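Residue numbers (my numbering), protein chains in the order written: chain A, 1 to 145; chain B, 1001 to 1145.
Right, dumping it as structure tokens:
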């Protein structure tokens, strides 16, 4: 359990350091990825392409984004685990600071003694008022309990 | 593995039958729910309230919606599993038929010999073109591979 939490916290910290290669070392070579951005499922690409894409994304901000992991809950047995959390991304885009809260589910497997992410699902909900607007302004503080 | 796939296919079939109680019998009494609709995380409610909410939702359509589960992948060890799929909901809303493709991650635990859903994460991505529009018109057929 602690080992899995450490993987999740470490890769958040490595993102803020801007180390794309070290972040992706916590992922299996191929994993099922449901991203904030389209398509429904990210196409399978090589590690090198993933590192380049993560680096390019970080390059769109003034500094590498900060990722805060909250409400982390881990369920595990043997060599399989899944983890849920509400994460906050803080960054400065084109001179404007922003924060985005989103839901994260990770699936992990222990492979050769190391816990690796084999599935990542990140999302925000969308408004059911006919606008089809993504709910990018939610925070856990404003949630009903 | 087969038992878990059966849970997932059965609850999709039960939805189409309009049996809210039978659908929710496959869920643990309390589970971490990240829904298509806000908030970020659904508040914890009783089984009775969940059944009533699911029934009310089904009542907004001409007939109970059809849920197709595709690209199902299950990872399991011992009494824990997670499952990923791309699902399609088909229904008729206010006289107009619609289809919605979305991503689904389920976390499951075997409790007293029965596999139950303890986590559900359903979502669509959103457009990164500044519109913040939820991507409700994607299909797996139009995905890059």
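For every residue, glycine included, the Cβ atom is placed at its ideal position computed from N, Cα and C. Keep in mind that this is a model prediction, so the values were computed, not measured.
Is there at least one Cβ from chain B nearer than 8 Å to residue 24(A)'s Cβ?
-> Using a CB distance cut-off of 8 Å, residue 24(A) does not count as an interface residue toward chain B.
Starting from residue 136(A), find everything on chain B with Cβ-Cβ shorter than 9 Å and list it in chain order.
-> 1126, 1132
Kindly give me the distance between the Cβ atoms of residue 115(A) and residue 7(A), rounded to whole angstroms, as I take these residues to be in contact under 8 Å.
-> Going by Cβ atoms, the distance from residue 115(A) to residue 7(A) rounds to 5 Å, so yes, they are a contact pair.
Give a yes or no on whether the minimum CB-CB distance between residue 80(A) and chain B is below 8 Å.
-> yes
Once you ignore the five residues that flank residue 107(A) on each side, which residues in its own chain have a CB closer than 6 Å to its CB?
-> Excluding sequence neighbours, residue 107(A) sits near 82, 118, 119.
Could you list the residues in the stretch 104-121 of chain A with a C-beta less than 7 Å from some C-beta on chain B, going in chain order?
-> 105, 107, 109, 118, 119, 121
Minimum C-alpha distance to residue 185(A) - residue among 1129(B), 1105(B), 1062(B), 1133(B) | Examination of residue 185(A) is not possible in this model, given that chain A is present from 1 through 145 alone.
For residue 1069(B) and residue 1122(B), believed in contact at Cβ under 8 Å, the rounded distance = Residue 1122(B) to residue 1069(B), Cβ: 12 Å. No contact.
Residue ranges of each beta strand (DSSP E) within the stretch 1061-1093 of chain B, 3 or longer | 1066-1077, 1080-1093
Going by C-alpha distance, which of 61(A), 44(A), 111(A) is nearest residue 79(A)?
-> 111(A)
With residue 1110(B) as the anchor, note down where its alpha helix (DSSP H) starts and where it stops.
-> Premise fails: residue 1110(B) lies in the beta strand (DSSP E), 1096-1111, not in any alpha helix (DSSP H).
Between which two residues does the alpha helix (DSSP H) harbouring residue 1117(B) extend?
-> Run containing residue 1117(B): none in the alpha helix (DSSP H); it sits in the beta strand (DSSP E), 1114-1123.
Within chain B, partners of residue 73(A) - CB distance below 7 Å = 1032
If you measure from the CB of residue 32(A), is any heavy atom of the ligand PLP nearer than 7 Å?
-> This structure lacks the ligand PLP, and indeed carries no ligand of any kind.
Chain A contact residues for residue 1056(B), given Cβ-Cβ distances below 7 Å = In chain order: nothing, as chain A lies at least about 13 Å away.
Taking the CB atoms as reference points, tell me whether residue 47(A) and residue 29(A) lie closer together than 8 Å.
-> yes
Residues that DSSP places opposite residue 1026(B) in a beta bridge = Looking at the DSSP output, residue 1026(B) sits in no beta bridge, so it has no partner there.
Just tell me which of 97(A), 17(A), 105(A) has its CA closest to the CA of residue 84(A).
-> 105(A)
Any C-beta of chain A sitting closer than 8 Å to the C-beta of residue 1037(B)?
-> yes
For residue 1021(B), which of helix, strand or coil comes out of DSSP?
-> helix
Can you name, in chain order, every residue of its own chain whose Cβ lies under 6 Å from the Cβ of residue 1023(B), other than the five neighbours on each side?
-> 1011, 1014, 1015
Range of the contiguous alpha helix (DSSP H) that encloses residue 48(A) | 47-58
Interface partners of residue 41(A) on chain B, CB under 9 Å = 1071, 1084, 1086, 1103, 1140, 1143
Of the choices 1036(B), 1141(B), 1052(B), 1092(B), whose alpha-carbon is the least far from that of residue 1148(B)?
-> Since the first and last residues shown for chain B are 1001 and 1145, residue 1148(B) lies out of range.
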